[in-house]
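Chains as they are written, first to last, in our numbering: chain A, 80 to 331; chain B, -11 to 657; chain C, 1454 to 1751. Beta carbons are placed, not taken as given, at the ideal position from N, Cα and C, and that holds for glycine. All of these numbers come straight from a predicted model, not from anything done at the bench. To keep things clear, I will list the structure first and then write my remarks on it.
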Amino acid sequence: MSAAKNINITLKIWRQKNAKTKGGIETYKLDNVSTASSFLEMLDQLNEQLVNDRKEPVAFDHDCREGICGSCSLYINGRAHGPDIGITTCQLHMRMFNDGDTIFVEPWRSKAFPVIKDLVVDRTAFDRIQQAGGFVSVNTSGNTIDANSLPVPKDDADKAFMAAACIGCGACVASCKNGSAMLFVGAKVSQYALLPQGKVEATERVLNMVRQMDEEGFGNCTNTGACEIECPKGISLENIARMNREYLKASL
Amino acid sequence: MKLDSKIPEGPVAHKWTNHKNHLKLVAPNNRPKIDIIVVGTGLAGASAAASFGEMGYNVSAFCFQDSPRRAHSIAAQGGINAAKNYQNDGDSVYRLFYDTIKGGDYRAREANVHRLAEVSGSIIDQCVAQGVPFAREYGGMLDNRSFGGTQVQRTFYAAGQTGQQLLLGAYSALSRQIGLGRVKMYNRHEMLDLVKVDGKARGIIARNLITGELERHSAHAVIIASGGYGNVYFLSTNAMGSNVTAGWKIHKQGALFANPCYVQIHPTCIPVHGTNQSKLTLMSESLRNSGRIWVPKKKEDAEAIRSGSLLPTQIAEEDRDYYLERKYPSYGNLAPRDISSRAAKEVCDEGRGIESNDTNEGVYLDFSFEILNKGKQAAFAKGNHNPSVDEIKALGKQWLKEKYGNLFTMYQKITDENPYETPMKIYPAVHYTMGGVWVDYNLMSTIPGCFVAGEANFSDHGANRLGASALMQGLADGYFVLPYTVSNYLADEIRTGRISTDLPEFAEAESNVKSQIDKFLNNNGSKTVDHFHKRLGLIMWNKVGMGRNEQGLKQAISEIAQLKEEFYSDVFVPGSADELNPELEKALRVADFIELGQLMAMDALQRNESCGGHFREEYQDAEGETLRDDVNFKFVGAWEYKGSDISKAELHKEELKYEEIKIAARNYK
Amino acid sequence: MAKSALLKSSIGKKYWMALTGLFLCLFLVGHLAGNLQLLMPNSQLQFNQYALFMTSNPAVKILSYLTYISILFHAIDGILLTIQNKKARPVAYAKSNPSANSSFASRNMAVLGTLVLVFLATHMTNFWAKMHFDKSMPLMTQTIEAAPGMKSEYYVGRSVGQYYQVDQVKLPGDKEAEAGTPPKQLEVKNGTDVYNVQANVKVGELYKDLHKITFDFFKSKNKLFGVIPNEGLLFTIFYVLSMLVLAYHLWHGFQSAFQTLGLNSPKWTPTIKFLGKAFAVLVPLLFAIIPLYIHFTK
């Protein structure tokens, strides 16, 4: 354990008033940042300083601050969710940085994720992909079959869970050089493809979700694997392969 | 005002069935003529909105997050209870009902809790049908584990992400309805007031958080499912955006607010590390299966640890105080949440806390015994009957890693300490609020047409919630209660026709919201919103937290009233109203938290007893356990808003009747 | 819907990239096997026979058309995908650290592919086009000692033991026989056919000498563009570098194709990745050895 200490840093942050205006990088000095702070707490500190200076604070998305809601979405020093792996931005801590560091903070960059303000982007494209087919068409009813009447092999259930662990943060899109959303879509398609409940609508699901994905303007997968490395939940590329299989099956 | 809980007559096991059979219906051809607003898209909100959409109503759903999938239900770790008895260990609807009532320290409604237990099985069926990937056994059947306060295995789970999986299930159902055009989704919208017409809930004023535009939305019924109010403490395990605003606005419009003082403080969270800290992180209750909780016996050892001159591993066995094992030998480290939390506070108050922060508050959760224990088992299982200590430790750590690897990693990321080598530091933190908007058996508040579901209402957990029950309640309300009870209400609305948003009531509500926003933006104070929020949090934590007393509560009430004045005169909110303005959003929320905080203190003050999460230091037995007063306080305390001076709020009592369960003292010793 | 999806959708385009790519990998193996004959001593006849076979066999023809189509499709599809991918990120990052999460090859497939295409164009101009269209393509000859002390050059006919003395065969470009010398009895028509001039009857067929072209190419001492000396060395370096580019392209492309076609499993993927890398190293390496061998030996 290294004892927490205070460091001074320089921040280069993308500022953009709204979707219509042009943005640019602004430089801020921030002193006395505890290395025990999380990255977002450091931004809180910056915002407190800005507000006290009568300046507009930096807008960024965040909510649960424990790595599960998928709100936080910063591109830090050239990497989605920053230099650590297997974590979201809110789980990144300042002990990953050194005194005197310059840190770039940018929003996710994707045609399908337009900037709303500063570091906040619009990720509703993901919602629309989900709406196109990311569900099992079962109505609410107290009379669905008993949960245990359809056994699911443990291996399939585990794989489905690992795919379903996706938090929809968009780091895959942000880190992909092509701005491709295939890890996100692949994970959702896989979750349902692996479970008997999802098989009934498998054909329409994968076709509709991929169609929506393409319409949103995401790029194509070139299998660089960047998404898998930067995914805070470690979603595997196997899910993209499975989607490709499902899509082929559905198309033929 | 006379509180009518509308609990149906008859034996508790038949109340819900009989009630459902006599509720009014809305014919399919009439449903498209009826609008429903759902505020919040967590488990309760998303499941309700999806269900209404499936039924054919016109639904508008609102969430302040950028997507309905981000509601804070997603952070629930442990699991969801259901009386399926898949493990053949004698579980039943009755047992779940009984455990929940007892766990709630006999401060919940029997009829509501029984209904919850009745529908619990259907929740699991529904979720599995939706493709929720619950953990399974090798035979392909669903796996269960056990949680605090029960003697059966009835908790269904998906690794440590059960809330996430259930929410994504509800989100998928909601997404389907959005895709079909039956639900209109309003992301990044915050409800800022309820609109009443002729006494009925008829719509809301919502702010588009991107454009800042104030929008009027009308409906025949409004469902509030906006979650709990734990963030009144500033630091909690809640999400940063979790707030009480929707619930508080309807309270101000006439909905009673019940049992605000019932707050669950979760015993195992990572302690506060500094003044810039924004949020507390939970370490799953399941860790208490393997860890032993202790502090040094001697104050000077604790001081040495805090100063860094002594390591916990250097404290001899006989100098450690395993206080939970000492005080509660039969439950030991698995004592219920409220009891474990209070015990931690007690030892820290004695000066034996081990965290080197401002408050010295922290205790150890030590896995070294489990490492030796499981390591030895693993060695024997491998045929090594004479393992060395190093071999044992290596195997033991391996076992821990397989079981809790993700939690240990999370802990290490946050604290930079290796919990395999040194004990975890933990301390209780605000986690869940049992109190909430008062609702009747149909989940309708005292405002006709305004329903409240999930953590936002007060209904099912009494004074303390058992683990794995929050998810159950959220989905029960949304999938299996509201579709019936809201339809019953709407049956009388089929002739109403669309409600115009041009009505003067809408204009007035909008102008009230606008003037509040303008007031903040033009205030030109000198302090940030967070400054006030943190001060409120400190008052709440110190005086309306784990231990409360008359003097402290009285101080809290006046301090909060004072803080409120200061807040309105000195808060500075930058930016403008017509853009994304997070500081403005926070200001509007904190304004409501301040008022709620005062009410919580008042509620805690009037409740001259200790029960569940509410511990009044004056009311404890010789061993420091809660002392309930069933003669004078066996009621739901529901507060009526009486103007901006919160101290004028009026208490109404709903007497709790126990017909099925014999009320008794809770004993976990 | 389903049919157009296979052509137009992002995943559909990727299938075609993968399928054509893998087919081209097969082509590489075949091409390499043939070219490696250049490394064998006295391979002239064998190689030219092989070259003839490759340009005339109908089955090979079908395969070669498939190869042309694959190259075109792979290139065009790749360009389309790249354009879409560029559009997907209209604003670039101010700071980017891509090497933290992906390999150089995987990120630069389009550039590498373009370079391979440029190489392919020059390569085909230099050999394939000559072989197919060049009217002055040399024909294979052999020095034969017909009688002791009487060495002379003969064209090698396709039938066993069939030779035509070079100075008795008239080539299409040759001037009319000068007065006084006897007219040549034989004449080459249609590139490789040997005709009896008087009877106008085809008497045999010759081989195009691709072997010679190849050797001359890499050993050429001519000035490139009339300026840079020793163009054979430059060609050799260019070919070796191009093979390096191809190696990078294959390093990612081989296993990527399997992923695109949905073949990714913990059981098979390590093997596929290993094979892909072995392929990416071996095939271009062997290709590169050929010009090096030709340039630096003999």
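Taking a beta-carbon distance threshold of 9 Å, Y154(A) does not count as an interface residue toward chain B.
Nearest Cα to V14(B) within the set Q75(B), K636(B), E481(B), L156(B): E481(B). C-alpha of F494(B) to C-alpha of D87(B): approximately 45 Å in a straight line. The beta carbon of C255(A) sits closer than 6 Å to the beta carbons of A305, C306 from its chain, once the five residues preceding and following it are set aside; these are given in chain order. For D506(B), the enclosing alpha helix (DSSP H) begins and ends at 492 to 509. Per the coordinates, the alpha-carbon of F192(A) lies some 44 Å from the alpha-carbon of S278(B).
Under the 9 Å criterion on CB atoms, H160(A) is classed as non-interfacial with respect to chain B. In chain B, no part has a C-beta under 9 Å from the C-beta of E294(A); the shortest such distance is about 14 Å.
In the three-state reduction of the DSSP assignment, Q1621(C) falls in the helix class. For a cut-off of 8 Å, the C-beta gap from H102(B) to A1(B) is around 7 Å, short enough to register as a contact. By the Cβ rule, the stretch 128 to 144 of chain B counts as touching the stretch 227 to 245 of chain A, because three or more pairs are nearer than 8 Å.
Out of K401(B), A544(B), R83(B), D77(B), the CA that lies nearest to the CA of I634(B) is found in A544(B). Annotation for Y556(B): the continuous alpha helix (DSSP H) segment containing it runs 538 to 558.
Chain C places a beta carbon closer than 9 Å to that of G304(A), counting this residue as a contact.
Uninterrupted beta strand (DSSP E) stretches at least 3 residues long and entirely within the stretch 246 to 311 of chain B occur at 251 to 257, 280 to 284, given in chain order. For N1675(C), the CB contacts under 7 Å within the same chain, skipping 5 residues up- and downstream, are E1684 in chain order. Within the model, the alpha-carbon separation for D1662(C) versus Q1499(C) is close to 11 Å. Listed along chain A, no residue sits closer than 8 Å to I1532(C) by beta-carbon distance, the nearest being about 12 Å off.
Listed in chain order, the non-local C-beta contacts of H1705(C) below 7 Å within the same chain comprise S1556, A1558, S1559, M1562, local neighbours out to five positions each way being set aside. Counting the other Cβ atoms within 10 Å of the Cβ of W187(A) gives 16 or more, which makes it buried. Nearest neighbour of G1614(C) by Cα position, chosen from G1657(C), M1584(C), G1644(C), turns out to be G1657(C).
Here the stretch 148 to 156 of chain B makes no contact with the stretch 87 to 100 of chain B; the two share fewer than three CB pairs at distances below 8 Å. The criterion of a C-beta distance shorter than 9 Å is satisfied by A250(A) and T167(A). Taken atom to atom, the span from the alpha-carbon of P416(B) to that of K278(A) is near 44 Å. Counting the other Cβ atoms within 10 Å of the Cβ of T223(A) gives 16 or more, which makes it buried.
Counting C-beta atoms within 10 angstroms of its own C-beta, D566(B) has fewer than 16 neighbours from the protein chains shown and is therefore classed as exposed. Residue nearest to Q124(A) within the set E283(A), N87(A), D293(A) is N87(A) (criterion: CA-CA distance). In the DSSP assignment, H1702(C) falls within the unbroken alpha helix (DSSP H) covering 1684 to 1713. Looking at the DSSP output, N69(B) bridges to T143(B). For W1469(C), the CB contacts under 7 Å within the same chain, skipping 5 residues up- and downstream, are F1526, D1530 in chain order. Within the same chain, Cβ atoms closer than 8 Å to the Cβ of E611(B) are found at K315, the five residues on either side in sequence being excluded. Following the DSSP letters along the chain, one finds L202(B) inside the beta strand (DSSP E) bounded by residues 202 to 206. For the beta strand (DSSP E) assignment, the uninterrupted runs of no fewer than 3 residues enclosed by the stretch 121 to 169 of chain A are, from N- to C-terminal side, 153 to 155.
Looking at H60(B), R142(B), L551(B), the one whose alpha-carbon comes closest to that of L454(B) is R142(B).
Taking CB atoms only, K91(A) has a neighbour in chain C less than 9 Å away. Within the stretch 207 to 236 of chain B, A227, M228, G229 place their CB atoms closer than 7 Å to a CB of chain A, listed in sequence order.
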